[in-house]
Structure formats: C-alpha cells, structure tokens
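One structure below.
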Amino acid sequence: MSDFVGVPARLGPSDDPVPVGAVLAGLFAELDRRVAAGLVSVPLFEWPEMGDIGEPLKHIELEPLEVPVTVPAPEKVPA
Amino acid sequence: MSGGEFGTGIPFAVGSVRGFRGWKVTTDGWLEPLSQSGRWFADGNEAICHGSPSQDQLPYPKEEDRDWTRYYAQRDAWRARHDMTECPHGFYAYTTAEEQYRTSVPAILGVIEGFGEVTIGTKGFRAMKARILALCVEPHQAMWRLEPFFVDLLKAHYPGVAFFDSLVAMRAEFPAELSVGTSS
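Protein chains in written order, with numbering that gives the first Met the number 0: chain A, 0 to 78; chain B, 0 to 183.
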C-alpha cells in the first residue's frame with residue numbers, strides 16, 4: 000500500500016483560491032491517521048545525548064601501554 | 000606513585016579506555032565531530048577546549064572598561080590550565096553502540112581509545128587524547144550504504160584502523176572497556 004500522501008490537484012492559481020493552510024492541515028491530519036494506523040514508518044531522528052557519560056566515577060591520567068612489535072622468527076629451510 | 004604527572008594531583012595509571020562514538024563524514028572522506036568543528040586524524044588526536052570560565056571565575060569586562068583583549072587573554076590562559084573537572088571538554092565515547100546511531104546527520108560509528116587526562120563515567124568517558132581503533136560502515140537509519148570507492152578513501156585516510164561492515168562484528172572485536180588500574 001502506498002504511504003505517499005498526495006497533494007490535491009487544485010493547488011495553484013485559479014478563480015477559486017485554495018486555502019493552503021486548510022489543505023496542509025488536512026495533509027498532516029491524514030499523515031497522523033496513517034502513522035497511527037501503522038501504515039507509515041516515521042524514522043526517529045534525534046540528537047544523541049551529547050555529553051552524557053553518566054555519573055562520574057574516576058578522573059585519571061592514562062598512558063597507553065605500547066604493544067611491542069614482534070618480528071616473526073625466520074622459517075627454517077629444509078636441507 | 001602519587002601526585003600525578005608533574006604533581007597535578009591526578010592519579011596516574013598505565014592503560015587506556017575504549018568506547019563507541021560517531022562522526023560525520025565529509026565528501027572528501029574525512030571524519031569530523033557530529034557537533035563540533037575539527038578533523039580527526041589516524042595518528043592521534045588531542046582535544047582543544049572551546050569553553051569559557053564562569054562569570055564568578057572571570058567576569059566579562061564592565062561596560063565602561065570594554066577591555067576584551069585582556070579578557071580573551073585570561074580566558075585562553077584558563078583554557079590552558081583548567082582540568083576536566085571544571086569543564087566538559089574532551090573527546091566523548093560511550094559504552095553502548097546502538098544509541099550513537101540516533102543522529103540527524105549521516106554518521107559513521109566507530110571505536111576510540113582514550114588516554115591522557117580522562118574522566119570515566121558510568122556510561123562512557125571523555126578523554127583529552129584519542130586514537131581511532133575501528134570504524135563500521137554498516138548502513139543504518141541515518142546513513143545509506145557507502146560506495147566502495149568512498150570506503151577505500153576512508154581507508155586511505157585512516158590506515159591502521161580496522162574497518163567492519165557489521166556493528167556486531169566490530170563490537171565483538173572491540174568491546175567498550177572502562178576499567179583501568181591505578182598505580183600504587
């Protein structure tokens with residue numbers, strides 16, 4: 000089922016001006032109805048909670064442990 | 000060892016913390032913070048404070064004075080000497096990966112290693128220094144699938160970083176880690 004909410008063809012200049020506000024209100028009402036009926040999925044776009052690292056536990060100076068580079072032993076060549 | 004490095008009073012330990020965070024991606028294949036300016040690099044990153052002291056610590060110049068040059072010099076000096084307990088600066092990373100996908104801009108999720116001056120919390124940490132360990136190019140609700148040539152561009156800009164096309168795989172190999180020991 001298409002979830003596209005169409006625009007009435009009468010929008011535009013005419014002898015009988017279209018109340019744009021009422022048209023938009025109708026479109027949004029139709030969208031709300033379809034969302035409520037589960038016909039349209041509305042993705043949740045929201046900013047993450049920036050800065051929320053929770054309750055502070057520790058304030059510390061860290062020096063990373065450098066992983067030593069190991070050189071593999073050369074393969075023995077059979078005689 | 001006591002007194003911290005150079006007698007700062009901050010406990011010192013060997014190790015690092017690890018957490019998840021997101022970046023926005025520029026059209027030329029670089030990573031930038033989601034809500035701040037700047038660029039992340041492959042060989043290490045150091046945070047810069049853009050905050051300002053409170054009015055109690057450094058009040059604005061009076062209207063009749065208007066010596067903003069002196070104010071800015073004092074503010075810059077405060078930025079250079081204050082620690083993380085006085086200001087929320089630093090690179091942020093979190094213990095949960097999925098929540099970082101809830102952004103309104105295309106974002107790539109990855110794992111960073113945090114060190115230097117670090118504040119550890121129950122949900123993550125913020126660190127003055129960080130290194131990118133892994134990036135995930137899996138599509139999600141805020142980012143479509145990246146073209147292969149673009150992923151190659153990211154790999155060229157971030158050599159040494161592990162790339163994953165699955166969040167599950169990245170999280171399995173690079174789980175969040177907040178526990179660090181303290182020196183005696």
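Think of the CB as a built atom: it goes at the ideal place given N, C-alpha and C, for glycine as much as any other residue. What you are looking at is a predicted structure, and each value in this text was computed from that prediction instead of being measured.
Output yes if chain B places a C-beta closer than 8 Å to the C-beta of residue 51(A); else output no. Chain B, which has a Cβ nearer than 8 Å to the Cβ of residue 51(A), makes this yes.
### Query
By a C-beta neighbour count over all protein chains shown, 10 Å radius and 16 as the cutoff for buried, is residue 90(B) buried or exposed?
Answer is buried; the Cβ neighbour count reaches 16.
Does residue 17(B) get closer than 8 Å to chain A when you measure Cβ to Cβ?
It does not: the Cβ of residue 17(B) has no partner Cβ on chain A nearer than 8 Å.
Cutoff 8 Å: residue 62(A) Cβ touching any chain B Cβ = Output row for residue 62(A): interface = yes.
Practice prompt. Would you decide whether residue 29(A) is buried or exposed? Buried here means 16 or more other CB atoms lie within 10 Å of its CB.
Written response: By the neighbour-count rule (16 or more Cβ atoms within 10 Å), residue 29(A) is not buried but exposed.
Would you call the region 170–179 of chain B in contact with the region 16–34 of chain B, where contact means no fewer than 3 C-beta pairs closer than 8 Å?
Counting Cβ pairs under 8 Å, three or more are found: they touch.
**Request:** Name the residue from 71(B), 74(B), 27(B) whose alpha carbon lies nearest to the alpha carbon of residue 149(B).
**Result:** It is 27(B).
Next on the checklist: Using a Cβ-Cβ distance cut-off of 8 Å, determine whether residue 191(B) contacts chain A.
Outcome noted: An answer regarding residue 191(B) cannot be provided, because it is not within the stretch 0 to 183 covered by chain B.
| message | Determine whether the beta carbon atoms of residue 117(B) and residue 61(A) lie at a separation below 8 Å. | response | Yes, Cβ-Cβ distance for residue 117(B) and residue 61(A) is below 8 Å.
Is the CB of residue 122(B) under 8 Å away from at least one CB in chain C? Here the protein chains are A and B, and chain C is not one of them.
Spatial neighbours of residue 119(B) in its chain, beta-carbon cut-off 7 Å, leaving aside the 5 residues before and after: Only 16, 177 meet the Cβ criterion.
Would you kindly work out how many angstroms separate the C-alpha atoms of residue 48(B) and residue 113(B), rounded to a whole number?
Approximately 16 Å, taken between the alpha carbons.
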